[in-house]
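As structure tokens, the structure follows; a few thoughts come after it.
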Amino acid sequence: MVAYRLVFPRLLLILSIFLVLLLAACGDNPTPVPSTTTPAIQAAAQPTPNIQDTVAAQVKATIAAMPTATVAVPPTATAIPATATPAPTATKAPTPTAKATATSAPTATPAPTPTPKSVPKPIDIVGSGDKLTNEILLPQGANYIIVNHTGQNYFGVKLLNESGDMVDLVANTIGPYKGTKFLEVPVTGKYLFEIQSEGNWALNITTIDALKEGAIPAVDFPLKGKGDTALLVNVPQEGLLKFKLTHNGNNYFGVTVRDASDGSQAALLANTVGKYSGEKAQRFGDGIFPFQIQADGDWTIELIQ
């Protein structure tokens, strides 16, 4: 719209000027018209107006009367200082959580099977009558033996070393017999048994090495039994212990605590003949001890406070 208001007056002005010029050109050379009338009384000659000046004055008046085109000047844009908007802080994209890779379940490794310790097997020797057994290898310590006899007369068993010397008296009785005993083996070596009998007999030996592996379980107080008996006994505490012992047999009654390392006598709790009831004090360390009971009747052993 602003451009239209500026251009239109200029075109009108140019057109008016063009008309003035055109009219002026026509006024400079008028065509004479012959007079046909009778000449009138000549009056004072009036000055002939100049047409060119008249047209020019009219054009000027027209131009003056035209409204002046006001050129609309667009308002000057006042630069408003842009408030610096802080750039948004770049928020770190959350670190993608690594998806758990499907791991194959670990193969359960079976626990290694403990290799069972080799427990020496019992040594069995059987026979009848008077015999000398073959030599056998026995480790040092309190080896365990089971003795059976079916004869009616004397029955005796001795343990001999390689030199033929008696190391331990295993049995010394008359008639049928069944009992257990700890053998006194002072050193590891070869040994043999000398048996005197008129009947059948059997020996079963468990070495000290097998006893250490639990071949024969240990027992707790109170103890009771009949006849000759060998037991591995749990002594619950160390120090001076008091025992009460009884026996209802008619013959020898003895209670011996053996040294497990060589089978020798460590303590003597009873040593009598016939019926017995008594108390005995003995100092012990805690642990398992071999108890050897010799009797021909029922017996008991208990701890007392």
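Counting in our numbering, the sequence shown runs without a single skipped number right up to 553 at its last residue. Here a beta-carbon is modelled for each residue, glycine too, at the ideal position from N, C-alpha and C.
Residue environment, residue i, which counts as buried when at least 16 other CB atoms sit within 10 Å
{"i": "residue 262", "result": "exposed"}
{"i": "residue 451", "result": "buried"}
{"i": "residue 391", "result": "buried"}
{"i": "residue 433", "result": "buried"}
{"i": "residue 395", "result": "buried"}
{"i": "residue 374", "result": "exposed"}
Identity of the residue in the options nearest residue i by Cα
{"i": "residue 385", "options": "395, 527, 366 and 407", "result": "407"}
{"i": "residue 547", "options": "517, 535 and 412", "result": "517"}
{"i": "residue 523", "options": "495, 401 and 461", "result": "495"}
{"i": "residue 404", "options": "487, 509, 423 and 485", "result": "423"}
{"i": "residue 485", "options": "534, 372, 434 and 421", "result": "534"}
{"i": "residue 527", "options": "464, 549, 418 and 371", "result": "549"}
{"i": "residue 419", "options": "463, 475 and 459", "result": "475"}
{"i": "residue 508", "options": "370, 401 and 458", "result": "458"}
Nearest-angstrom Cβ-Cβ length linking residue i and residue j, presumed shorter than 8 Å
{"i": "residue 429", "j": "residue 393", "result": "5 Å"}
{"i": "residue 448", "j": "residue 525", "result": "Contact flag wrong, Cβ pair sits at about 37 Å."}
{"i": "residue 431", "j": "residue 416", "result": "6 Å"}
{"i": "residue 492", "j": "residue 552", "result": "5 Å"}
{"i": "residue 397", "j": "residue 425", "result": "4 Å"}
Proximity of residue i and residue j at Cβ, strictly below 8 Å
{"i": "residue 511", "j": "residue 427", "result": "no"}
{"i": "residue 399", "j": "residue 366", "result": "no"}
{"i": "residue 501", "j": "residue 477", "result": "no"}
{"i": "residue 443", "j": "residue 379", "result": "yes"}
{"i": "residue 436", "j": "residue 387", "result": "yes"}
Residues near residue i in its chain [Cβ-Cβ closer than 6 Å; skip 5 each side]
{"i": "residue 544", "result": "497 and 499"}
{"i": "residue 504", "result": "513, 516 and 540"}
{"i": "residue 410", "result": "438"}
{"i": "residue 383", "result": "438 and 440"}
{"i": "residue 421", "result": "403"}
{"i": "residue 381", "result": "373, 440 and 441"}
{"i": "residue 479", "result": "467 and 539"}
{"i": "residue 401", "result": "446"}
Same chain, Cβ closer than 8 Å to residue i, neighbours up to 5 away in sequence not counted
{"i": "residue 481", "result": "466, 467, 468, 469, 471, 536, 537, 538 and 539"}
{"i": "residue 489", "result": "483, 529, 530, 531, 532 and 551"}
{"i": "residue 506", "result": "390, 430, 432, 512, 513, 514, 537, 538, 539 and 540"}
{"i": "residue 487", "result": "531 and 532"}
Beta-carbon contacts of residue i that lie in its chain and below 7 Å, excluding the five residues immediately before and after
{"i": "residue 463", "result": "367 and 454"}
{"i": "residue 370", "result": "452, 453 and 454"}
{"i": "residue 473", "result": "541 and 547"}
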